[in-house]
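Position 30 of the sequence shown, counted from 1, bears residue number 30 in full-length UniProt numbering, the numbering being contiguous throughout.
Using N, Cα and C, we set each Cβ at its ideal position, and we do this for glycine too.
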Amino acid sequence: MLVIIFSYAELAPPSRLSCTFRLNCGSPDALVALGFDRPTWYVEPYNNPSGHNVMPSYAKWTLWGYSLANIVAGNLWQVVVVYGPVRSFFRKRFPLRRLKVKL
1 MLVIIFSYAE
11 LAPPSRLSCT
21 FRLNCGSPDA
31 LVALGFDRPT
41 WYVEPYNNPS
51 GHNVMPSYAK
61 WTLWGYSLAN
71 IVAGNLWQVV
81 VVYGPVRSFF
91 RKRFPLRRLK
101 VKL
């Protein structure tokens, strides 16, 4: 579900969701100058000369591809290193030595 929400925020034109994350949005005057409708919601002023960070289409798709690659890399790390064969190797190679407590 989270992937769908962020995919929409990254790929869609400026909306309330993308402006909430300050991604692909801008000040109302800058959005009107770019050809978008004036937002009906509050947008904080941007501290850059252009007044927006609206991305061109190729940049949106590139960012989305990096986001998906990051998800895949994180899942592979979890499966292979944290829970998989790398963990098994290190648990056999360096067993956990527990303290013997006398009661």
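No Cβ-Cβ contact shorter than 8 angstroms links L17 with K60.
Rounded to the nearest angstrom, the gap between the Cα atoms of V81 and R93 is 15 angstroms. Under the three-state reduction of DSSP, G51 is assigned to coil, being neither helix nor strand. By the neighbour-count criterion, in which 16 or more other beta carbons inside 10 Å mark a residue as buried, G26 falls on the buried side. About 7 angstroms separates the Cβ atoms of F6 and S67, confirming a contact at the 8 angstroms cut-off. Here the alpha carbon of I71 sits roughly 13 angstroms from the alpha carbon of M1.
In the displayed model, G26 falls within a strand according to three-state DSSP.
Between Y83 and R91, the alpha-carbon positions lie close to 11 angstroms from each other. Listed in chain order, the non-local C-beta contacts of T40 below 6 angstroms within the same chain number zero, local neighbours out to five positions each way being set aside.
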